[in-house]
Amino acid sequence: MHASAQQAGPPVAGAPEPAALHVVDVPLGERSYSVHIGAGARSVLPGIIAALGARRAVLVSARPDDWNPETGVETLVLPARDGEPDKTLAAVGGLCSRFARFGLTRDDVVVSVGGGTTTDTVGLAASLFHRGVPVIHVPTTLLAQVDASIGGKTAVNLPEGKNLVGAYWQPKAVLCDTDYLGTLPRREWTNGYGEIARCMFIGTGDLRGLPVSEQIAASVARKAEIVVADERDAGLRHLLNYGHTLGHALERATDYALRHGEGVAIGTVFAGRLAGALGRIDDERVAEHLEVVEHYGLPTGLPESLDIAEAITLMRRDKKATRGLSFVLDGPAGAELVGDVEESLVATTLAGMPRQSHDLA
Ligand SMILES: NC(=O)c1ccc[n+]([C@@H]2O[C@H](COP(=O)([O-])OP(=O)(O)OC[C@H]3O[C@@H](n4cnc5c(N)ncnc54)[C@H](O)[C@@H]3O)[C@@H](O)[C@H]2O)c1
Ligand SMILES: [Zn+2]
Numbered sequence: 120m121h122a123s124a125q126q127a128g129p130p131v132a133g134a135p136e137p138a139a140l141h142v143v144d145v146p147l148g149e150r151s152y153s154v155h156i157g158a159g160a161r162s163v164l165p166g167i168i169a170a171l172g173a174r175r176a177v178l179v180s181a182r183p184d185d186w187n188p189e190t191g192v193e194t195l196v197l198p199a200r201d202g203e204p205d206k207t208l209a210a211v212g213g214l215c216s217r218f219a220r221f222g223l224t225r226d227d228v229v230v231s232v233g234g235g236t237t238t239d240t241v242g243l244a245a246s247l248f249h250r251g252v253p254v255i256h257v258p259t260t261l262l263a264q265v266d267a268s269i270g271g272k273t274a275v276n277l278p279e280g281k282n283l284v285g286a287y288w289q290p291k292a293v294l295c296d297t298d299y300l301g302t303l304p305r306r307e308w309t310n311g312y313g314e315i316a317r318c319m320f321i322g323t324g325d326l327r328g329l330p331v332s333e334q335i336a337a338s339v340a341r342k343a344e345i346v347v348a349d350e351r352d353a354g355l356r357h358l359l360n361y362g363h364t365l366g367h368a369l370e371r372a373t374d375y376a377l378r379h380g381e382g383v384a385i386g387t388v389f390a391g392r393l394a395g396a397l398g399r400i401d402d403e404r405v406a407e408h409l410e411v412v413e414h415y416g417l418p419t420g421l422p423e424s425l426d427i428a429e430a431i432t433l434m435r436r437d438k439k440a441t442r443g444l445s446f447v448l449d450g451p452a453g454a455e456l457v458g459d460v461e462e463s464l465v466a467t468t469l470a471g472m473p474r475q476s477h478d479l480a
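Residue numbers (the working numbering): 120 to 480.
This is how it looks when you write it as structure tokens:
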């Protein structure tokens, strides 16, 4: 499955026809769907809903009303709020109640419009209501466009931890409309670029300098390939965790003051250094990790206050750390999961990283 530029779907009455959109197919048998990427991508929604044969829709949106896409069918609009505090089972329950009062059936469709927190929450509600109703995601942050809305994982948080309750539920389509990004604060751009930066080491090649819609399309195409090979997270999908083992630890060590993409960026620089220390890649490739992360204006050094022993403890507790301290690392055959990495080597590699005071405003 590759990203192909093609003219967008059927023209929509009253809406300008978008210029060429990138379309990435996610071939998962009867759960296959397409991701439409580019300026104006939300205007293909009525055509997609019509093709599904859905007669009614619930549109759950965290964006202002005038940014909501047309659906072409009778629609209940439910306002939502992005953010981790609302990514809860209570929010899922509230949505399902509204679906029930509207009389939503499995022949109808749910549409999510918002950041990754909203696509995750609405996706989980859609997976549960009537044991599953169709959902279409319209992600509005860069991070949600390149990552959260793609791949069919949905989840909400518990007081005990993030993303602890979820389901696999593939959407019927994803519309990554880059017009939404026009209002995105700087910090949310860097958050998304953290995920894009690490794509270079998991198979997209160098994306620097490409228009943002092409960078999104390439990141989505690679994630789609990986998801198709490993829909249920039994193997290859761990590649997506490039830079994430340290990244998650840094997010937690800073009490989430460091955003996910920022943690991943620093984790990517670290992954390069660790792969170098293990003799898996040469100095030039190690340096490339730093250069790519710097290119996107992302942080590259450890937080000044970080305690290395604490970071290692947090990495040991990472839910994906099933084989001692394990990391996805670059190597002669590309990235792969490397288990049982010596703790002392991890500690000296961390100690060799520069420290940086992060602008967390
Ligand atoms: N399901 C998955 O596979 C997957 C993958 C990666 C991340 N996630 C989840 O995604 C979430 C993070 O997503 P996020 O970074 O989008 O966070 P988010 O949903 O909290 O949005 C971040 C901020 O951007 C604002 N925002 C959203 N769209 C905007 C726009 N167009 N203009 C201006 N501001 C806008 C929001 O109001 C919010 O303040 C996390 O909960 C994470 O667990 C899920
Ligand atoms: Zn991530």
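Glycine included, C-beta positions come from ideal geometry on N, C-alpha and C.
- So what does DSSP say about S231, is it helix, strand or coil? For this step, residue 231 is matched to residue 112 along the sequence shown. Reduced to three states, the DSSP call for S231 is strand.
- Item | H379: CB within 7 Å of a non-hydrogen atom of ligand 2 | Walking along the sequence shown from the start, residue 379 turns up at place 260. Result yes, Cβ under 7 Å from ligand 2.
- Please indicate yes or no: does the CB of V163 lie closer than 7 Å to some heavy atom of ligand 2? Position 44 of the sequence shown, counted from the start, is the residue given in the question as residue 163. Not so, every heavy atom of ligand 2 lies at least 7 Å from the Cβ.
- Message: Short of 7 Å in beta carbon distance, which residues of its chain neighbour L147, apart from the five on each side in sequence? Order them along the chain.
- Response: Taking the sequence shown and counting its residues from 1, one reaches residue 147 at position 28. The residues are Q289, V347 and E350.
- Task: Go ahead and pull the three-state DSSP assignment for P476.
- Result: Stepping through the sequence shown from its first residue, residue 476 is reached at position 357. One detail in the question is off: residue 476 reads as Ser in this sequence, not Pro. S476 falls in the coil class under three-state DSSP.
- Answer with buried or exposed for D402, where buried requires no fewer than 16 other C-beta atoms within 10 angstroms of its C-beta. Against the sequence shown, residue 402 aligns to sequence position 283. It counts as exposed.
- Query: Under the rule that 16 or more other beta-carbon atoms within 10 Å means buried, what is S180, buried or exposed?
  - Reply: Along the sequence shown, one-based indexing puts residue 180 at 61. That one is buried.
- Message: Once DSSP output is grouped into helix, strand and coil, what is the label at R404?
- Response: In the sequence shown, counting from the first residue as 1, residue 404 sits at position 285. In the structure shown, R404 sits in a helix (DSSP, three-state: H, G or I).
- Query: Is the region 236-251 touching the region 196-205, taking contact as three or more C-beta pairs under 8 Å?
  - Reply: yes
- Per DSSP, what kind of secondary structure is V254 in: helix, strand or coil? Within the sequence shown, numbered from 1, the residue matching residue 254 stands at position 135. V254 falls in the strand class under three-state DSSP.
- Item | Meets three-Cβ-pair contact criterion under 8 Å: the region 259-277 and the region 309-325 | yes
- Count the other C-beta atoms from every protein chain shown that fall within 10 angstroms of the C-beta of Y152, then say buried if there are 16 or more, exposed otherwise. Against the sequence shown, residue 152 aligns to sequence position 33. Flag for Y152 reads buried.
- Query: Which partner residues of H155 appear in the DSSP bridge assignment?
  - Reply: Residue 155 sits at position 36 when you count from the first residue of the sequence shown. Beta-bridge pairing links H155 to V142 and L294.
- Message: Whole angstroms are fine: how far does the CA of V405 sit from the CA of A394?
- Response: For the purposes of this step, residue 394 is identified with residue 275 of the sequence shown, where counting begins at 1. For the purposes of this step, residue 405 is identified with residue 286 of the sequence shown, where counting begins at 1. Cα to Cα, A394 sits roughly 8 Å from V405.
- Task: With a cut-off of 8 Å on the beta carbons, I'd call K291 and P253 a contact; round off their distance for me.
- Result: Taking the first residue of the sequence shown as position 1, residue 291 is located at position 172. Taking the first residue of the sequence shown as position 1, residue 253 is located at position 134. Right, their Cβ atoms sit about 5 Å apart.
- Go through its chain and collect everything with a Cβ distance to Q475's Cβ below 8 Å, but skip five positions before and after it. Counting from one through the sequence shown, the residue named residue 475 turns up at place 356. So the qualifying residues of the chain are P418, T419, G420, L421, P422 and E423.
- Measure from the alpha carbon of A390 to the alpha carbon of each residue in G213, L456 and D185, then state which is nearest. Translated into the one-based positions of the sequence shown, residue 390 becomes position 271. It is L456 whose Cα lies nearest to the Cα of A390.
- Message: Among N187, E193 and D185, whose alpha-carbon lies nearest the alpha-carbon of A169?
- Response: Start at 1 with the first residue of the sequence shown, and residue 169 comes out as number 50. Among N187, E193 and D185, the Cα nearest to that of A169 is on E193.
- Grouping DSSP H, G and I as helix and E and B as strand, with all else coil, what is L147? Counting from 1 along the sequence shown, the entry for residue 147 is found at position 28. Coil at L147, not helix or strand.
- Message: Taking DSSP's pairing of strands, which residues face T194 in a bridge?
- Response: As a first step, residue 194 must be located in the sequence shown, where it is residue number 75. DSSP output for T194 lists A176 as bridge partner(s).
- Task: Please go through the same chain and pick out, in chain order, the residues whose beta-carbon is closer than 8 Å to the beta-carbon of A176, but skip the five residues on each side of it.
- Result: The sequence position of residue 176 within the sequence shown is 57, counting from 1. These residues qualify, in order along the chain: I168, T190, V192, E193, T194, L195, D227, V228, V229 and V230.
- Query: In three-state terms, what does DSSP make of T273?
  - Reply: In the sequence shown, the residue the question calls residue 273 occupies position 154. DSSP places T273 in strand when its eight states are reduced to three.
- Item | Assigned secondary structure, G391 (DSSP; H/G/I helix, E/B strand, else coil) | The count along the sequence shown starts at 1 and reaches residue 391 at position 272. The answer is helix: DSSP assigns G391 an H, G or I state.
- Item | Y287 in three-state terms, based on DSSP | What you label residue 287 is simply residue 168 of the sequence shown in a count that begins at 1. Y287: strand per DSSP, three-state reduction.
- Message: Rounded to the nearest angstrom, what separates L294 and P183 at their Cα positions?
- Response: Numbered from its first residue, the sequence shown carries residue 294 at position 175. Numbered from its first residue, the sequence shown carries residue 183 at position 64. Taking the straight line from one Cα to the other gives about 17 Å.
- Message: Run through the DSSP bridge pairs and tell me what E455 is partnered with.
- Response: Within the sequence shown, the letter at position 336 stands for residue 455. L448.
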